[in-house]
Amino acid sequence: MEGGINAWKGLQAEGPPDSGMAYFAPATRPEELIALAWYLEKGSHIFYSELSQRLTDRVAKDLFKELALAEERHQTALSGLYQDFAGSTSATGFPESVIRSREKGEIMEGGMRVSEALDWAKGRDIADILDLSISLEANAYDLHLRMKARLEDPRGKEVFTVLSHEEKDHLDRLSSLLEQKI
Amino acid sequence: MDYFKLVSTWPAEKIRQFIKEKNPDQYNLVDVRQPKEYERGHLPGAKLIPLGELKDRLSEVDPNKPTIVY
């Protein structure tokens, strides 16, 4: 790449090559990876929902409402993926029946605690909050790609292929929404 | 290894477009800087192989796919 990283104006992720991977360490089966990923999506959903209620700026409110809905769709997609992997016709009890997470949606994609992110966002201007959201999404995308490269189980790789595709779409949508609305 | 083989350089914008259009399985993305530099910021999905380790870790790069290096 001409000019190296200094010339890069696109998204960047932060952290060492193994950052965020410890979160998925308790999973021994692909179904458990899916369940742990579901909890992260739930955390992101809570974060965006809370912001959409808290902000008064109409454009920002709509944007975060849309992001919260997107996270909800990701949760639904993961429930479907769980059914495919488990050969089940229903996702009843998912994800608690698959793996219990101590966090239960208190951590969001990108690895930040929802409560900390919401505290941080208090009184910040909308551009700062959007910057944080994009950076969390970029880190989540990075983590999914690194997990995929690290895992040897082809089914586990498939889980992170699906997740990274979703995240890439999400980042593209977020970036274009930002260009349109802010 | 052919050290005299010419490689093309692409501007960052062309790479951004390439990455946007392609699936991550279709290319190698390698960060050859030092670990601390990688930690401060890297392209999402980039594999860290510091320049000094590249010769010993070439097997981690798929020779059948285009490779983006920075």
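If you read the protein sequences in the order shown, they are chains A and B. Using our numbering, the letters of the first sequence map in sequence onto residues 1 to 182. Using our numbering, the letters of the second sequence map in sequence onto residues 1 to 70. The beta carbon of each residue, even a glycine, is placed where N, CA and C say it ideally should be. Everything numeric in this text was worked out from a predicted model, so none of it was measured.
From the listed residues A:N6, A:E31, A:W38, the smallest Cα separation to E37 (chain B) is found for A:N6.
Per the coordinates, the alpha-carbon of D18 (chain A) lies some 8 Å from the alpha-carbon of R146 (chain A). Under a criterion of Cβ atoms nearer than 7 Å, the residues of chain B adjacent to L11 (chain A) are, in order, P44.
If the five residues before and after L58 (chain B) are omitted, its C-beta is found closer than 7 Å to no C-beta atom of its own chain.
The three-state secondary structure of I68 (chain B), taken from DSSP, is strand. Sequence-distant partners of H42 (chain B) (beyond 5 residues in either direction) whose C-beta falls short of 6 Å from its own C-beta, in its chain, are D31. Rounded to whole angstroms, the Cβ separation of H170 (chain A) and E116 (chain A) is 21 Å, and the two are not in contact under 8 Å.
Any Cβ of chain A closer than 8 Å to the Cβ of R16 (chain B) would place that residue at the interface, and such an atom is present. Comparing C-alpha distances from T161 (chain A) to each of A:L81, A:A86, A:E41 shows the shortest one belongs to A:L81.
The three-state reading of DSSP puts V32 (chain B) in coil, since its state is none of H, G, I, E or B. Residue pairing from DSSP leaves I49 (chain B) without any beta-bridge partner.
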